[in-house]
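**Student:** One structure is given below, represented as structure tokens, and several questions about it will come after.
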Amino acid sequence: MSSKTHDIGALAKRIEAFHAVIERVHEEHKAETLIQIIHQPGYTTPAEWAMLAHALESAINQAEAAAKSYAALVGDAQMVAVKA
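Throughout the sequence shown, residue numbering follows numbering that gives the first Met the number 0, covering 0 to 83 in sequence.
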């Protein structure tokens, strides 16, 4: 564990930062944009296609892992009892 003091404000900012990243991906990188690009005739070679497909699978896996990790974090935080 960290020896730093509990800075709730800093922690709240990090939570907001996580959500800002997710929101930015949603807003700035629409699926339709990439789909439109890949449908252009002669878009890519077979080798480039393979690299793009693998990069996309990696991005999906990372996003799913982040979603699962964050859901677990929220669930764990909800189990913490506040002592009066």
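For every residue, glycine included, the Cβ atom is placed at its ideal position computed from N, Cα and C. It should be emphasised that the depicted structure is a prediction, and the values quoted were computed from it without experimental measurement.
#1: Could you pull out every unbroken alpha helix (DSSP H) segment of at least 4 residues lying fully inside the segment 7 to 54, listed in chain order?
#2: Going straight from the alpha carbon of leucine 72 to that of isoleucine 34, what length do you get?
#3: Is DSSP giving valine 79 helix, strand or coil here?
#4: What's the gap between the Cα of glycine 8 and the Cα of glutamate 31?
**Tutor:** Let's see:
#1: For the segment 7 to 54, whole alpha helix (DSSP H) runs of length 4 or above, ordered along the chain, are 7 to 27 and 30 to 37.
#2: Each residue's alpha carbon lies about 33 Å from the other.
#3: In this structure, valine 79 counts as coil in the three-state DSSP scheme.
#4: Rounded to whole angstroms, glycine 8 to glutamate 31 spans 37 Å at the Cα level.
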